[in-house]
Each structure stands twice: as C-alpha cells, then as structure tokens.
Amino acid sequence: MSDTSEGTGGLTYDKSKRQWPNELNVFAALILIVIIFEILGAIFMQQSLLFDSRDRFDSIFNEARLRIIIIQVAIIGIIAIGVTQVIITAGIDLSSGSVVGATAMIAMSFAQVAEVNGGPNPKAIFGDWALDLPVVVPVLVGLGVGMLAGIINGVLVAYSRIPPFIATLGMMLFARGVAQWWSLGNPVSFPTEGYAKIGAGMMPVIIFLSLAVLFHFIMNYTVYGKHTYAIGSNEAAARMSGINVPRHLVLVYLIAGGLAGLAAVILTSKNLTAQSGMGLSYELEAIAMAVIGGVSLFGGRGSIIGTVIGALIIGVITSGFTFLRLGAYYQEMVLGCIIVGAVALDQWQQKRAAARA
Amino acid sequence: MNKLFMAAGLTMLMGTSAMAQQIGVSVARFDDNGLTVMRNGMTAHEEMLDGVSLQIEDATDDVAKQLDQINNFIASGVDAIIVNAVDTNATEAMSNAAAAAGVPLVYVNRQPVNMDTLPEGQAFVASNEIESGTLAAFQMCRQLRAEGKSGGATAYMLMGQLSNQAAVQRSKDFHDVIGMDMCNFITLIDEQTANWSRDEANDLMTNWISSGEPFDAVFGNNDEMALGAIQAMKAAGISMDDVVVGGVDATSDALLSMQAGEMDVTVFQDLAGQGAGSIDTAIALINGEEVDQTVFIPFKLVTPDNIGDFLQ
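Read top to bottom, the protein sequences are chains A and B.
Residues 228 to 584 (this note's numbering) are what the first sequence spells out, left to right.
Residues 425 to 736 (this note's numbering) are what the second sequence spells out, left to right.
Here it is, written out as structure tokens:
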C-alpha cells in the first residue's frame, strides 16, 4: 500500500517509507519509562515521580526530583558527548573514567585553599605557591591533562593502528595508575571558593546542556561533523575522498579527552574533593548513555541529542529506583536488563526499517 | 600514685637489667596512609620503651619478599617478629617458620587466615570491626534521644560496596542498634548503596530529599558518604542542626566538617594504638606471659566534645 505524493522539484516519494528520526524513538522510550514509574509509584508509594503529589512546590512538578534527575547524569553526560563522537568514528574510549580520576587529582592540587577552619589546609599537595590560585589555573590544568590523554589515545589509534579498544584500555590502566600515584592514594581536598562554584547547584547541568547544544551544531553543520560521520560510515571511502583520516581521529580523541578533563573539574568542584578512585566505571556509563540513545557501536550512526536523551533515561531510572525504594541488590540487575533491552529494541527497529525500505 | 611510680620504676629496672630486645617488623607497604600511621605508632612506642629495638622492613606488597624477610629475621636471631601481612591467605607458611624456630610472632591489623590454628606463642592484634558501626549508630541514637526525639525518629542509611565485608558488617550493626529497646524509636526509611563514594552519596541523598519524606538522621558506612549526604542537605537548605549525621573513619575531611558543626559522629580506628599494642603483645610473648590469641585495640568514638584529641 504505497501512497505516493508529489514532493519538491516534481519528485515523488513514498509516504510509507518515510522514517521517524531515531531520536523520536528514544524519546518515546523515555516517556514510556516515566509512565511505568508513575504507574508503579501510584500503586506502591501513592506518590508521583515527576509531579508534585505533596504540595511542596508552587508548580505542578516535583522540582527537586526533576533537578536531581539531570544533575546526577550531567557530569557523565559531558563525557558521553565526547564518547559519542568517538563511537561515531567506529572507535571506542575506555579510558574516560580513569582520565577523570587522574585529572581530578592533578587539577584539584592547583585549586586548594590555604586556610580551612582557621588552620592551614591539612591536605595541601604542593607548597604555598600552589594555594589560593585563581580559578582559571586548575581549570586549564584539568583541560590540559584531559586533552593530553586524548592526544595520546588519538595518535595511538590513528597512526600506530592499534585497535581503539586496546589503545584506550592501556590509557585506562595508565591513567588510573597516575591517579593513585599522584598523592600516593591520599585524597586532595578543600578547594578555593571560586573553584567550588564551578560544580555547585545546577552548574553541571548548565554546562552539560550548553555543550550538548554546541556539539549538536558542530556535528550537524560543520566540516568536522561531516568528516566524523564519514569516517565512521566508511573509513576507506572517507580517505579516498580526501579526508585526512588520522589527523581527524586525533582531533576527535582530543575533544573526548578534553571533555573528560572538564568533567573531572566539575566533579571535584561539586564534591569539594579529589580521590584516586573517582570516575571508576564512568566510561561504561558514558558508553551506555550513547548506546541507549541510539549511537551505533559500528560507527556512522547516532547523534548528540540521542545521547542526551539516553542520559536522561539513565537519570530517570536511577531516581525512579530510589523513589520506589527498590532494594540496592536488584537495581543493578534491572539496569543491566534495561540497557540490553534498549539496544535489542533499537536493532529490531533498524532491521524492520531496512526491510521496509 | 605511688603504685604508678613503683610500676614505672619496676619496668625501668626490668628494662635495664634485661638485654635489649630485638623485634623484627615486616609491614605490607610503606606508602599506605593507614599503615604509615600504624608504623609511626610503633616507632613512637619503641622510643617510650627502654631496651626494645625495632627493625622495620617494607614488604612492598610482595608476598614472597615478606616471607624472605621473616626468615631473615629468624636467621639473625630476633626475639620476636611482628607481621602486617601482605596477603592474609599466605600466613600459614609464616606461622610455621616462626613456630619451628621458636620465635614469637604477632600479626597486626590484618587477620591471618590460620587464625583458628595459630601455634603457641603467636597472636593477632587489631580492632574489632563490629565495634565501629555499633559505636557510631549507638551514639547517633543517644544524640537523637538527647534532642527529645525518642518519641519517633526516621533515618536513611548509605551503604558501602555491597560486596565489601566492612559495608555488610556496619550496615548490620546499624540494624542491630535500632533493634535494641533503647533505640527502636528509630525507623529506617530506606537504605541504598553509594559505593563508598561522596559523589554517589550526594546524588542519592538528593534523590531521597526530593521524595519530601522528613528525616532526622543519616548514617554513612564511611565518612566520605556521610560528607556527600551533608553536601546534598546543605544544597537543599536543610539545617545541619536538625539532622544527626554519622560516619566511620575519622578522616581529616570529616573532622573538619565536624569542627564546622555539620558532622555529628564518627569513629576512629586507632592504628597507632594497634602498632603499639603489637609491640606490647610481642614483649609479653617473649617474657612467656599468658596472652589472648586475639588482642583487640578499641575503636574510639569521635564527637564534637572530644574532637580536639583527634585534630592535629
């Protein structure tokens, strides 16, 4: 039953073969998950997940919960923006969590305050010269360390032809070692007031969403974006059409590393401390956000918007579990099932769409 | 007072009359924070004692190296050996080597796997993990009572990694305490894991706050999670005077938070005390005294009243 119509320029097109953008499917899944939690909440808790069922706010929504849903995924979401670009090139970045750990320790060492409760800072890493520095210093150090790790990843992947999985696995172990070595396992605490503002309140969300908008445009309307998709779809074709593939890959990994470094700065600022174990398994959560959001691990397919919705899905699920007071032991089991289920559903839809076309 | 002087005089007499006692010490690693505190406790105690000389070596986290060190101690004729085991599953060989040579052996801080079959002349010095969670939970209960909430109070608990023994034990301790008659006015609203992490605890606490359920106390299996909860509560505008927050570890971050009037309770593992206790136990074994196979060094409760003793 094909219903042909007249399109622009006298071309005909088949309405039945028209596809929804993939992001709409992911968004529908988000709405579905919210509805499931609302139903379970009404049955078991006599409360609503997203709406103000206790008259605590002036609005119709439970604002506190809406905020935490995004706050708790914002920092890993920033990493996921970079990881999305890496995956679109058909690569992978396993190092982002450890890079967060190493960057956290190093950047925080330049953000420490001289006096705590009227005494000297008991956690000072360097001498007086590194205390009470302007905020811009630790931020630049953080971005720098992250980008350095990214460049190394990129060079290894692009020029030595080591598979991304192995190259970034090496960086994952190396960076975690750096994080532990930096202060021999000691936490680095007590940042300056200025540094503490970077990750306070809704700041992680504002930074996350601004970066998402920025990279949405970059990926869709710039040469950088077109080349990234081209390399992921068909690297040989991209090379033959004149794209400097190795140089572009280094750039992609550099951006991913820089975003991981920025995430570390925000994370340490939010928590007022840096610890060598920080960022543990963040790389997997970031990959999960991208994959749930419809980014294909085979490369060439996916979008920043999809990843943002993927992050929101994880945020809704995390808050939903706590809202339902689901036992801690069951949460990870259910989360594992949801991630596999989401990708299976996506694959099935792709196949169906391909069969129709 | 006289008795004290007599006792002091007596030990000095004994110290000078006997030959200097050589004790060999093998520590799992020198670059670990906690173990460094323990090691410093040992050397400080050595200086206080007369006629005791320690030889402390770093096993650099190497099981084979540690066993070599012990055999070297035996060969050089030390009077006793203290071991902070690299791998608690590898202590059988150490026990056998020391027992065969007739040298007293004291394990410190890490419980040897052959605890039940320790030979004569060997002992284990550590803190009893059951105490830490119980001390913190009970103090929180007392504080809630003192604030006049004994008619009914609600609490949240942040658990460590669910696969970790300390997390399981401390969570059980909390349940045991709120099961006691004196503390059963406390109702646990919810318990979830935040994997020892300040960031996860911050987000989890914010989630709990968003449910709007009023609460009076938050217990973290460690200080880091308690601090994360405090940051979440402060961000939500909850006064720290209205909530009793407890943790375990007495980290310097936690002590400074307590000093600032936020954290209410934490528990200090007396690692320096463990180091000193291991030397006392070794000396008792050398002198052929009756020694319990397990010597517990008590945890210390830290509250705003005695925080001065713990801030350096």
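All C-beta atoms in this analysis are idealised placements derived from N, C-alpha and C, irrespective of residue type, glycine included.
All values reported here derive from a predicted model rather than from experimental measurement.
Check, Outcome
"Return yes when the Cβ of VAL527 of chain B is within less than 8 Å of the Cβ of ALA504 of chain B, no when it is not.", "yes"
"Since ILE505 of chain B is in the beta strand (DSSP E), which residue starts that stretch and which ends it?", "504-507"
"Roughly how many angstroms separate the alpha carbons of ILE447 of chain B and GLN693 of chain B, rounded to a whole number?", "24 Å"
"Give me, in chain order, the residues of the same chain whose beta-carbon lies closer than 8 Å to that of ARG453 of chain B; leave out the 5 immediate sequence neighbours on both sides.", "LEU459, ASP482, ALA483, THR484, ASP485 and VAL510"
"What residue from B:ALA522, B:SER477 and B:ALA514 has the CA that sits closest to ILE498 of chain B's CA?", "B:ALA522"
"Taking the Cβ atom as the reference point for each residue, do GLY671 of chain B and VAL532 of chain B lie within a distance shorter than 8 Å?", "no"
"With burial defined as no fewer than 16 other Cβ atoms inside 10 Å of the residue's Cβ, what is the status of ASN626 of chain B: buried or exposed?", "buried"
"Quick one: Cα of VAL451 of chain B to Cα of THR558 of chain B, how far?", "29 Å"
"When the Cα atoms are used, what is the spatial distance from ARG583 of chain A to ALA515 of chain A?", "28 Å"
"So, are the CB atoms of ALA490 of chain A and ILE298 of chain A less than 8 Å apart?", "no"
"When you compare only the Cα positions, how much space is there between VAL689 of chain B and PRO473 of chain A?", "56 Å"
"Going by CA-CA distance only, name the one from A:LYS497, A:PRO391 and A:ILE296 that's closest to GLY537 of chain A.", "A:ILE296"
"Buried or exposed, going by whether 16 or more other CB atoms sit within 10 Å of the CB of MET228 of chain A?", "A caution first: MET228 of chain A carries a pLDDT of 43, below 50, which makes its placement in the model unreliable, though a value can still be read off. With fewer than 16 Cβ atoms within 10 Å of its Cβ, MET228 of chain A is classed as exposed."
"If you reduce the DSSP assignment to three classes, tell me which class ARG462 of chain A lands in.", "For clarity, residue 462 of chain A is Glu in the given sequence; the question names Arg instead. In the structure shown, GLU462 of chain A sits in a helix (DSSP, three-state: H, G or I)."
"If you pair each beta-carbon of the region 480-498 of chain A with each one of the region 405-423 of chain A, do three or more pairs fall below 8 Å?", "yes"
"Check the DSSP bridge columns for SER416 of chain A and list the partner residues they point to.", "A:THR500"
"Express the C-alpha separation of ALA706 of chain B and ALA517 of chain A in angstroms, rounding to a whole number.", "58 Å"
"Suppose you measure from the CA of MET657 of chain B to the CA of ARG594 of chain B; what does that come to, to the nearest Å?", "23 Å"
"At which residues does the alpha helix (DSSP H) containing LYS489 of chain B begin and terminate?", "487-499"
"At the 8 Å Cβ level, is MET583 of chain B part of the contact set with chain A, yes or no?", "yes"
"Measuring only the C-alpha atoms, how far is ASN711 of chain B from MET472 of chain B?", "18 Å"
"Taking only the alpha-carbon atoms, compute the straight-line gap between PHE639 of chain B and THR578 of chain B and give it to the nearest angstrom.", "5 Å"
"Just tell me which of B:ASP716, B:THR541 and B:ASP729 has its CA closest to the CA of GLY369 of chain B.", "Nothing in the structure corresponds to residue 369 of chain B, since chain B is present only between 425 and 736."
"How far does the alpha helix (DSSP H) with ILE315 of chain A in it reach, from first residue to last?", "290-315"
"Where ALA331 of chain A and THR611 of chain B are concerned, what is the direct C-alpha to C-alpha distance, given to the nearest angstrom?", "38 Å"
"Return the Cβ separation of ALA618 of chain B and LEU628 of chain B in integer angstroms, given the expectation that the two are a contact with Cβ distance under 8 Å.", "5 Å"
"Just to check my reading of the structure: MET335 of chain A and PRO418 of chain A have Cβ atoms closer than 8 Å, yes? What is that Cβ distance to the nearest angstrom?", "7 Å"
"Using a Cβ-Cβ cut-off of 8 Å, state whether ARG622 of chain B counts as contacting chain A.", "yes"
"Using three-state DSSP, classify SER551 of chain B as helix, strand or coil.", "coil"
"Less than 7 Å between C-beta atoms, sequence neighbours within five positions excluded: which residues of the same chain meet that for MET539 of chain B?", "PHE548"
"Determine the closest residue to MET583 of chain B out of B:THR727, B:ASP647, B:VAL476 and B:GLN445, with distance taken between C-alpha atoms.", "B:ASP647"
"Consider the C-beta atom of ILE308 of chain A and the heavy atoms of the ligand NAD; say whether any pair is separated by less than 7 Å.", "The ligand NAD is not part of this structure, which contains no ligands at all."
"Going by beta carbon distance, what residues of the same chain come within less than 7 Å of ALA307 of chain A, once the five residues before and after it are set aside?", "ALA513, MET516, ALA517, THR534 and ALA538"
"Check the Cβ-Cβ distances between SER546 of chain A and every residue of chain B, and say whether any is below 8 Å.", "yes"
"To test your reading of the DSSP string, which unbroken alpha helix (DSSP H) runs of 4 or more residues are found completely within the region 663-714 of chain B?", "676-683 and 695-710"
"Select from the region 406-437 of chain A all residues with a C-beta closer than 8 Å to any C-beta belonging to chain B, and list them in chain order.", "LEU411, GLY412, ASN413, PRO414, SER416, PHE417, ALA427 and GLY428"
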